[in-house]
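Residue numbers (the numbering used here): 1335 to 1798.
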Amino acid sequence: MVTYKEFSYSDYFKTELPTHWQEKRLGFLSMQTKNAFVDGPFGSDLKSDDYLDEGVPLIQLNNIRDGKHILRNMKFISDNKKKDLVRHLALPQDIVIAKMADPVARAAVVSDEFKEYVIVADCVKLTPNLKLVDLNFLIWAINSDCVRENAELVSTGTTRIRINLGELKKLKVPYPSLSEQIQIRTFLDYETAQIDTLIAKQEKLIELLKEKRQAVISHAVTKGLNPNVPMKDSGVEWLGQVPEHWQTPCTKYLLEIPITDGPHETPQFVDEGIPFISAEAIHKGKINFDKKRGYIKPELNDIYSKKYSPKLEDIYMVKSGATTGKVAMVETEEKFNIWSPLAVFRCNKIKILPKFLLAVFNSNHFYDALVLNWSYGTQQNIGMGVLSNIEIPCPPINEQQEIIQHIDNELKVFKNLENKANHAIQLMQERRTALISSVVTGKIDVRNWQNPINNNEAKTEFSA
């Protein structure tokens, strides 16, 4: 690793920078013209009622991610509304900065996909003076840890910190010569692209593992483990053929109690008491009590428990909203209660094991059957009558146990591989972050670095 020869300690960045480097405020690096460094309009000037499905695009907090302007989940306003907000226009090659976490002061170059945009209240537009600073170097610098840490120091708030426009203008970045900025930008563009490619491969592996996991579950609960067993037509569209000795009863015949749900009223929440959960707590086959709706008084829980009281190995299915069909099993004997968006399945264990029914519910085939039976009002939902009458593959209990064991063993292998892939991603992300910080603060001297892509192109031309 090549380093600079002389360093000076920076009181602002709390680290050493190359002696010939400077520190510059973002306000100094912007164009010194009207509206070159502005935040978004006050809430009363731009309301959700102004949003359209097409027109002039807005830049919102969720559009600034990982150093990029992401054109996803976009909102638009009319051209007439834009004319009222001309002060807040952002053009391609401007910089947009998020005033709120996560993380605070993250920045991106405005995309050239549209000719103009309007920023919202929690965003800032900066038009850089390109005679003073390289555009993409500035993005790397603003997004580096050393700058972000200083942004956090001058931010306010507790649960979600915020930096104001005045503090952003005073925020400093390391400032080498323009030629060094270009070299640093070129180096980081290349090196982070290599790391990002490796991360993408690991993410692709994780997706493939998830697909394989689903395939294992779906095959095991619909076809069994014996590839040579005689098959029969189940007469159920979503199931197709099943082993000849399996049954396919309706769900309601496999349960200890009829399918039920929680109260159809909004409870009064209190600061402490009995946890009360709803659809958002159902996550990855588990109940996430950190995402509870709140607490209810024990007296209210007693009333609700007359209709339904949770029991170990009960299964919950979300029956309305964006996560319709997601399921989880009760794995605690601690007291809690549920709201109406959750349907309850309590297995008759003589007929079907809870883990087997959960695996059926987690299969792709069953989810496809649910989708065919959804109804739509203000949101997608599925009725408990439909859930009661969906036919379920049901092998003998001993075979259910074997299938559960097989699935558990297979999923452990996939989980181990997924953990290794996630660990590799974490290490690469840490490497990426450390590399950016080291280069932006001059810990690595890249002035003599040569882009391998350019070298390869030059060799190819010469050879030709």
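Cβ coordinates follow ideal geometry from the N, Cα and C atoms, glycine included.
Values in this document were obtained by computation on a predicted structure and should not be read as measured data.
- Assignment of L1464 by DSSP, reduced to helix, strand and coil, places it in the coil class.
- Under DSSP, the beta-bridge partners assigned to Y1451 are A1424.
- In this structure, DSSP gives T1775 a state outside helix and strand, which the three-state scheme calls coil.
- Residues D1479 of the same chain have their beta carbon placed closer than 7 Å to that of T1767, with the five preceding and five following residues left out of the count.
- In this structure, the alpha-carbon of K1641 lies about 8 Å from that of G1596.
- Around K1586, the same chain offers S1722 as residues with beta carbons nearer than 6 Å, after the five sequence neighbours per side are excluded.
- The beta carbon of D1567 lies closer than 7 Å to those of Q1575 in the same chain, with the five residues before and after it left out.
- For K1683, the number of other beta carbons within 10 angstroms of its own is below 16, and it is reported as exposed.
- For M1762, DSSP records no beta bridge to any residue.
- With contact defined as three or more Cβ pairs closer than 8 Å, the segment 1589 to 1604 and the segment 1730 to 1749 are not in contact.
- 8 Å or more divides the Cβ of P1632 from the Cβ of I1672.
- Taking every protein chain shown into account, the CB of K1754 has fewer than 16 other CB atoms within 10 angstroms, so this residue is exposed.
- Taking all protein chains shown into account, Q1394 has 16 or more neighbouring C-beta atoms within 10 Å of its C-beta and is therefore buried.
- Bounds of any beta strand (DSSP E) do not take in P1632; it lies within the alpha helix (DSSP H) bounded by P1632 to Y1638.
- The beta carbon of G1655 lies closer than 8 Å to those of A1613, P1675, Q1713, Q1714 and N1715 in the same chain, with the five residues before and after it left out.
- For L1487, the number of other beta carbons within 10 angstroms of its own is below 16, and it is reported as exposed.
- Assignment of L1351 by DSSP, reduced to helix, strand and coil, places it in the strand class.
- Listed as beta-bridge partners of C1584 by DSSP are E1725.
- Under the DSSP definition of a beta bridge, N1671 partners with F1610.
- The segment 1504 to 1514 and the segment 1344 to 1358 touch, with no fewer than 3 CB-CB distances between them shorter than 8 Å.
- K1685 and R1496 have their C-alpha atoms roughly 56 Å apart.
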